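For reference, the structure is listed below as structure tokens.
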Amino acid sequence: KKLNEYTHGWQNGDLIILAARPSVGKTAFALNLCLNAAKQNNNAVALFSCEMSNDLVMRRILSAVSKVENNKISTADIKDPKDIRNFNIAVEEMKNVKLFIDDTPRIKLGDLVAKTRKLKNDHPELALVVIDYLGLIQTEQKMESTAKEIGLVTATLKELARTLNIPVIALAQLNRDV
């Protein structure tokens with residue numbers, strides 16, 4: 007609620023860059039954004055996970071929803087009856103959530119755009135696209151610098167957000183020295 011007060015919510019047509027150093031919780035925060043958006047008004051949400059597989063993403067989501075430690079889920083070591091109950095409730099809850107996860111590693115920018123457009127066409131209720139993360143999207147043409155490549159990616163994502171009239175959130179990793 008506090009974040010919505012500051013941002014007035016994610017605005018349709020906006021490209022939001024969520025940037026921070028490694029291992030500070032960008033992905034965890036983004037997964038929470040996805041869940042909250044998908045649960046609101048039965049919206050559809052797209053998550054492009056360039057770093058983690060669908061299985062890993064779902065384990066993290068089920069851990070967050072169930073409040074069962076991720077390592078217990080990963081090792082199938084859920085013994086506490088309360089944890090078992092909470093996990094089963096989370097699984098049932100997630101069956102009704104329209105979260106579309108694409109875990110293509112090093113996805114090409116054109117493929118990401120095409121998949122998003124198709125998803126919006128198939129699911130007009132698509133309300134949010136989250137990309138984890140910006141630096142792993144490949145452009146079709148080679149650029150002379152990373153800065154120019156990131157510029158092309160962000161400009162294309164901004165155009166996608168405006169064209170589909172939905173917010174697009176892209177995670178970015180800052181240099182550890184920043």
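Everything in the sequence shown is counted per the working numbering, starting at 7 for the first residue and increasing by one. Where a beta carbon is used, it is the ideal one built from N, C-alpha and C, also for glycine. No experiment lies behind these values; they were computed from the predicted model shown.
* Alpha carbon to alpha carbon, what distance is there between residue 113 and residue 156? -> 14 Å
* Asked: If you check the beta carbons only, do residue 79 and residue 68 fall under 7 Å apart?
  -> yes
* First and last residue of the beta strand (DSSP E) that includes residue 74? -> Here residue 74 belongs to no beta strand (DSSP E), and DSSP marks it neither H nor E.
* Asked: Going along the chain, which residues of its own chain have a beta-carbon closer than 6 Å to the beta-carbon of residue 4, five neighbours each way excluded?
  -> Since the first residue of the chain shown is 7 and the last is 184, residue 4 is not available in this structure.
* Asked: Going by other Cβ atoms of all chains shown within 10 Å of its Cβ, with 16 needed for buried, is residue 143 buried or exposed?
  -> buried
* Asked: Which two residues bound the contiguous alpha helix (DSSP H) that contains residue 95?
  -> 87-101
* Would you call the stretch 37-49 and the stretch 146-154 in contact, with 3 or more CB pairs under 8 Å? -> no
* To do: Examine the Cβ distances between the stretch 120-133 and the stretch 21-31 and report whether three or more of them are shorter than 8 Å.
  => no
* Alpha carbon of residue 51 to alpha carbon of residue 163, nearest angstrom -> 16 Å
* Asked: Under a Cβ-count criterion, where at least 16 other Cβ atoms within 10 Å of its own Cβ denotes burial, should residue 271 be classed as buried or exposed?
  -> Within the shown structure, residues of the chain are numbered from 7 to 184, placing residue 271 beyond reach of any answer.
* Asked: If we call anything under 7 Å between Cβ atoms a contact, is residue 70 one with residue 177?
  -> no
* Return the residue from the list 106, 62 and 104 that minimises the CA-CA distance to residue 34. => 62
* Asked: What is the DSSP secondary structure of residue 180, reduced to helix, strand or coil?
  -> coil
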